[in-house]
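Okay, so here's the structure we're looking at.
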Amino acid sequence: MSQTIIPVSSVRLRQRAPGAATVPIESKPDWLKVKAVTGPNYQDLKTLKAGLGLHTICEEARCPNIYECWENRTATFLILGRICTRACRFCAVETGRPTGLDTEEPGRVADAVRQLRLRHVVITSVARDDLPDGGAGIFAETIRAIRAAVPDCTIEVLIPDLQGGDDALRTVVEARPDILNHNIETVERLQRVVRVKATYDRSMWVLRQSKVFDPSIRTKSGMMLGCGERPEEVIVAMRDLKANGVDVVTLGQYLRPSLMHLPVDRFAPPEEFAEYKRIGLEMGFSHVESAPMVRSSYHAHAQADRVPTMLPEGVIVAGETATA
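The sequence shown: position 108 = 1244 (the working numbering), numbered continuously.
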């Protein structure tokens, strides 16, 4: 298998000098500029979500793809509240001490999926280190509620590491999601810089152990570029993911949510992402989604559609709204 170590030919950013005033950084390159289109589907989804008292990671994490995805009637539902017990340096989700547990949330998520007539749905959550099971039980209840409400909908879960809890992970896997996603976020060297309370080895364990519990489950993981990684480190991480049984990989550009977050090291060009996609497919991943604007759930319906063995009988196109 031939592999090319990609030269770093990206747009590098000027950072703040120690003790100096903020130094203006270069503006985003054209390939990262997004048009804000808020059509009728966007407004309908926003109204439905608010009416059911639900949250989306699209809003909480300030995803740049929210306009495109919502206009296409796709969204990633955020369960277990809006407050995260961790403070990852790349993430815009609010950090604090969550209160309580909404046991009726799974039913409301299922109702939203039914009303939107989705064929593929993504469910994620904040980290809930305050809960004994990390929120695994609510994940499982949400999966079961969606199955009951919309039997032909494929379900993808993007889970935290559940603090490495064996029973917690088993609870999620045994609820039978079609895809289990857990992101490593960055290369091994930068783990403590990017996400202080997580580890590379624990994330690999989550992905590997999921297939021990259910060999038929499809697993997925993703990384951001622009955190200070080197190209050869990205390739090593991709190899590690493949060695741990991962089927689908996503790579996208890290964008700094605010001045309080980790600075962007560089803007990787589209050509670099394309090269990683080529390398990943050569490694044998079922699907590689690699482009500057890619996020974990971006075009998730298309990724599901390209792993046909996981689709329920009779489902032709995953991710689109039903016509019946």
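All C-beta atoms, glycine included, are put in the ideal place defined by N, C-alpha and C.
DSSP, reduced to helix, strand and coil, places S1346 within a helical segment of the structure shown. Ranking V1323, T1386, F1213 and P1406 by CA distance to the CA of R1431 puts T1386 first. For M1419, the enclosing alpha helix (DSSP H) starts and ends at P1406 to M1419.
With respect to the 8 Å criterion, M1360 and T1322 are classified as neighbours on the basis of their beta carbons. In the three-state DSSP reduction, M1396 falls in the coil class, being neither helix nor strand. For Q1389, there is no enclosing alpha helix (DSSP H); the enclosing beta strand (DSSP E) covers residues V1384 to Q1389.
The closest CA to that of Q1299, considering only T1335, N1317, P1313 and I1315, is found on T1335. Excluding residues up to 5 positions away in sequence, L1343, T1355, K1356, S1357 and F1421 lie with their Cβ nearer than 8 Å to the Cβ of V1382 in the same chain. The residue from G1236, P1399, R1283 and V1229 with its alpha-carbon nearest to that of P1268 is G1236. Comparing alpha-carbon positions, the option among G1270, E1368, L1294 and A1246 lying closest to E1324 turns out to be E1368. In this structure, the straight-line span from the alpha carbon of C1289 to that of G1217 is close to 23 Å.
Membership of F1213 in the beta strand (DSSP E) is indicated by the continuous run T1212 to I1215.
Straight through space, the alpha carbons of T1212 and A1281 are spaced by roughly 16 Å. Rounded to the nearest whole angstrom, the CA to CA distance from R1331 to L1395 is 17 Å.
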